[in-house]
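Participant: Input: one structure, supplied below.
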Amino acid sequence: MNTAARIAETIAAEIGARAQQVTAAVALLDEGATVPFVARYRKEVTGGLDDTQLRKLSDRLTYLRELEDRRVAIMESIRSQDKLSDDLARAIAKAETKAELEDIYLPYKPKRRTKAMIARENGLEPLLEAILADRSADPEALAAAYVTEAVPTVKEALEGARDILAERLAENATLLGELRAFMQKEAFLTSRVIAGQEEKGAKFSDYFDHREAWATVPSHRALAVLRASKEGVVTIDIAPDPETGDTRATGIVARHIGIQGEGAGDRWLRNVAGWTWRVKLATTMMIDLLGDLRARAHEEAIAVFARNLKDLLLAAPAGPRPTLGLDPGIRTGVKAAVVDATGRLVATETLYPFQPKNDLRGAQAAVLRLIVQHGVELIAIGNGTASRETERFVAETLALLPKEAKLPTKVVVSEAGASVYSASELAAREFPDLDVSLRGAVSIARRLQDPLAELVKIEPKSIGVGQYQHDVDQHRLGRALVAVVEDAVNAVGVDLNTASAPLLAYVSGLGPGLAEAIVAHRDASGAFRSRRQLLEVSRLGPRAFEQCAGFLRIRDGEEPLDASAVHPEAYGVARKIVKACGRDIRSLMGDTKMLRGLRAEDFMDETFGLPTVRDILSELEKPGRDPRPTFKTATFAEGVEDIKDLKPGMVLEGTVTNVAAFGAFVDIGVHQDGLVHVSQLADRFVKDPHEVVKAGDIVRVRVTEVDVARKRIGLSMRKDGGASAREDGAARSPGPGGRSSKPGPARGAATAKPGSASQTGALGAALLDAMRKK
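The following block contains the structure:
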């Protein structure tokens, strides 16, 4: 079997596909096709491999090709030493991992001068062979014959023989494999605090005296222990059970020497086996397993980050509605920015409703003016410092509007990464004359309108929805997150005439350069009327067009199909369908009854098979459909604004902000997310929290524990300790005193304080009337 076939067989087994499917997909990827394009438009070629399978295929292809390159390099190195036997070549060819390859190569790997080398130079290898050959002979008696000027004592002669044997054992690939398997099954991870570091490492107190089986350490605990070790708070060890493990490990080493009896030679060899384990192999195994633990933890953490990022990117868009974005602040003021339905900035303000200026009346007047003047329908409030104070200010301001006025919907929005965008070169180009702090308010407003379109402007790693994200392999993390963004953008599709360059850059086949070229062409020549006009863009050739066209949408263009996910290459199939219906294409699109009455098999040809025809029918049925969910918001409880306001037993509504391997974090409006541990997510066993919740979900939780000093909030979604928002729409929300009461009004529907209603109501009405007259 050749190398390519072997790789295809390996990947096929891992992703649940046939080798022929893998071979076909590899050929497409090698030709420059992207994963989204292959997953969507080459189903006949790959047998229907989806984007998840293709991403794993792409990752494993890279690893296995690197493995093959290393295999060839090792073969050449050993051959150049004239040591490549047939058995060794077969062993190298069978190795399935890089670790196995390196174990085999270890004896032939060029290395610095060792004690074993010196012992051989001093003529002590025959002594070792003599001991191995005659187990009944006394090793000391045999060693006496090897005492020389270079080896002046029997003790030194035996130490030299021991060093030679220890090196042989440490370079024995079979022994290393057995010990690694033993350790993976039996080893424990232990961490202990370093004396004097207790106060400095208080946040790691759970790991001051910690021990658990290596094989089952979850990612978040592994990363926490590794960080504590890196910061000099704890020491780490990975070893088998101290009472029995060392004896069993020594026994494995002894078996490889072939110790069977109790002769003087066997006893000496058994001591050497124990010494080799303790001094050399235990450390080697500890380093190997520590590396494996780190890699495993990184992979799991990256997977968690990727899933959370996907959920955030594919969160429900509020849609093209005028939006007021508020970036909360106390001393520096609340930054306000209004964007119209298309996301264009139309107004900015800096408000000072809090200390030290306390210009509440002026701030309220400014907000009301912005709402009325620009027809604001949504208010996006960043969830950072002063978020709840700002939210309360907005609620009180909205209460000033007359009852007949339509109140904007108020939503607390994650501002993760907004400051990164504000200070970026992209933001500076987009808003060269706008203060950095106000750019953040624009970003907050836009990410409510369309999270995906705005979040793509920020480096994925800067969107904080991961666990210990700075501790993991940054290259792998970056590559995984970019793949998530690509898949999300292409799954939703992009409006060619409104999309920004950063959004276009993630479209299959484009990239930053072509994205900028498309925007420049659009600015110079006006809106695109058809997909075919893309070929007029500088440097965008047929190959790039093939990759990107199906993911770009043109509303109300010359070609109705350009508004759908039907690829231009398949327009002929779509027209056959239209002709068979005897209808105009525009009237047919969206006619579910007519389209579901057709047989996909009737429209297949030599190029387009059943999967493509079915996709076309589905797309004609719901052209340009958005896979994202419907927009909805959580309502925070009145009077619960700080962790000190929380009491066990309170039932609150919140938004899932992050999902980790150990549970889900929920924003309940107190500046500190609460944790629903995996055991509290449902009334059943939950292995993966993503089975139950995802970032952006609205849930109803019960407070189970509040630790103000450590800023920890325990929450539950279990029926006996909490309920989901879906199940309990009429749940009672205890007030700050802990008594049960009906949920207070939504912040956007708050009423004015007693005694001030007439004054504030009059202010709002007067302002509203003045704006109408203008």
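Residue numbers (the working numbering): 280 to 1053.
Beta carbons: idealized from backbone N, C-alpha and C, even for Gly.
Would the region 576-595 count as touching the region 754-767 if we require 3 or more Cβ pairs under 8 Å?
Facilitator: Short answer: they touch.
Participant: By the 10 Å Cβ neighbour count, where 16 or more other Cβ atoms means buried, how is L380 classified, buried or exposed?
Facilitator: It is buried - the Cβ of L380 has at least 16 other Cβ atoms within 10 Å.
Participant: Which runs of the beta strand (DSSP E) at least 3 residues long sit entirely within the region 612-689? Give them in chain order.
Facilitator: Fully enclosed beta strand (DSSP E) runs of 3 or longer: 613-618, 624-630 and 657-661.
Participant: Over the uninterrupted alpha helix (DSSP H) stretch that includes R878, give me the two end residues.
Facilitator: Taken as a continuous stretch (DSSP letters only), R878 belongs to no alpha helix (DSSP H), as it is neither H nor E.
Participant: Within 10 angstroms of its Cβ, does H754 collect 16 or more other Cβ (buried), or is it exposed?
Facilitator: Exposed, because fewer than 16 other Cβ atoms sit within 10 Å of the Cβ of H754.
Participant: Helix, strand or coil for R414, going by three-state DSSP, please let me know.
Facilitator: Looking at R414 - three-state DSSP - the assignment turns out to be coil, as it is neither helix nor strand.
Participant: Quick check on this structure: which residue in A616, V798 and D802 has the alpha carbon closest to the alpha carbon of S716?
Facilitator: Checked all of A616, V798 and D802; the closest Cα to S716 is A616.
Participant: Determine the closest residue to T341 out of L877, R758 and F887, with distance taken between C-alpha atoms.
Facilitator: It is R758 whose Cα lies nearest to the Cα of T341.
Participant: Please state whether the Cβ-Cβ distance between V845 and E898 is less than 7 Å.
Facilitator: Yes, the pair counts as a contact, with Cβ atoms nearer than the cut-off.
Participant: Which runs of the alpha helix (DSSP H) fall wholly inside the region 480-534 and span at least 4 residues, in chain order?
Facilitator: DSSP runs (the alpha helix (DSSP H)) wholly in the region 480-534: 498-509.
Participant: From what residue to what residue does the alpha helix (DSSP H) around T302 run?
Facilitator: Here the alpha helix (DSSP H) through T302 covers A298 to D309.
Participant: Cα-Cα, which of S817, R610, L336 and A659 is closest to P596?
Facilitator: When only C-alpha atoms are compared, the closest one is A659.
Participant: Taking only three categories from DSSP, how would you classify F807?
Facilitator: F807 falls in the coil class under three-state DSSP.
Participant: How is the alpha helix (DSSP H) around D606 delimited, first residue to last?
Facilitator: First-last for D606: T602 to D606, but that is the beta strand (DSSP E), not the alpha helix (DSSP H).
Participant: Which residue from K589, E900, R834 and A806 puts its Cα closest to that of V768?
Facilitator: When each option's Cα is compared against that of V768, the closest is K589.
Participant: Since L333 and A304 should fall inside the 8 Å C-beta cutoff, what is the C-beta to C-beta distance between them, to a whole number of angstroms?
Facilitator: So it is a contact: roughly 6 Å between Cβ atoms.
Participant: Within the chosen definition, does the region 719-732 reach the region 797-811 through at least 3 CB pairs nearer than 8 Å?
Facilitator: Result no; under three Cβ-Cβ pairs closer than 8 Å.
Participant: Return helix, strand or coil for E288, following the three-state DSSP convention.
Facilitator: Helix at E288.
Participant: Tell me whether H956 sits in a helix, a strand or coil according to DSSP, three-state version.
Facilitator: In the structure shown, H956 sits in a strand (DSSP, three-state: E or B).
Participant: Look at the alpha carbon of N776 and the alpha carbon of P821, and state the distance between them as a whole number of angstroms.
Facilitator: So the two alpha carbons sit approximately 20 Å from each other.
Participant: List the whole-angstrom C-beta distance separating I353 from I371, where the pair is believed to meet the contact cut-off of C-beta under 8 Å.
Facilitator: So it is a contact: roughly 6 Å between Cβ atoms.
Participant: Using 6 Å as the cut-off, classify the Cβ of L680 as near or not near the heavy atoms of the ligand PLP, replying yes or no.
Facilitator: Judged by which ligands are present, the structure shown has none, so any question about the ligand PLP falls away.
Participant: Would you call S364 buried or exposed, if buried means 16 or more other Cβ atoms sit within 10 Å of its Cβ?
Facilitator: Under this definition S364 is an exposed residue.
Participant: From which residue to which residue does the alpha helix (DSSP H) around S716 run?
Facilitator: Its alpha helix (DSSP H) spans residues V715 to Q728.
Participant: From H499 to E579, what distance separates their C-alpha atoms?
Facilitator: Rounded to the nearest angstrom, the two C-alpha atoms are 9 Å apart.
Participant: Out of K559, V551, S484 and V314, which one is the CA nearest neighbour of L437?
Facilitator: The shortest C-alpha separation from L437 is found at V551.
Participant: Closest by CA to R344, which one among I357, K377 and A312?
Facilitator: The shortest Cα separation from R344 among I357, K377 and A312 belongs to K377.
Participant: Between T688, G861 and D774, which lies nearest to A913 when the distance is taken from Cα to Cα?
Facilitator: Ranking the options by Cα distance to A913, first place goes to T688.
Participant: What whole-angstrom Cβ distance do L630 and V613 have, given they're in contact under 8 Å?
Facilitator: At roughly 4 Å, the Cβ-Cβ gap stays under 8 Å, so L630 and V613 are in contact.
Participant: What number of angstroms, rounded off, separates the C-alpha of R640 from the C-alpha of E675?
Facilitator: So the alpha carbons of these two residues sit roughly 11 Å apart.
Participant: Between H969, K736, A312 and A445, which has its C-alpha nearest A784's C-alpha?
Facilitator: Comparing Cα positions, the closest option is K736.
Participant: If I follow the unbroken beta strand (DSSP E) through G993, where does it start and stop?
Facilitator: Counting along the chain, the beta strand (DSSP E) containing G993 begins and ends at R991 to S995.
Participant: Between the alpha carbons of N281 and Y384, how many angstroms are there, rounded?
Facilitator: Looking at the two C-alpha atoms, the distance is approximately 22 Å.
Participant: Leaving aside the five residues before and after S693 along the sequence, list all residues of the same chain whose C-beta is less than 6 Å from its C-beta, in chain order.
Facilitator: Excluding residues within five positions, the ones whose Cβ falls inside 6 Å are N662.
Participant: Give a yes or no on whether 7 Å exceeds the smallest Cβ distance from P519 to chain D.
Facilitator: Note that chain D does not occur in the displayed structure, where there is just one protein chain.
Participant: Please classify P1015: does DSSP put it in a helix, a strand, or coil?
Facilitator: Only weak support is given to the placement of P1015: the predicted model assigns it a pLDDT of 31, under 50, and the question is left unresolved by the model.
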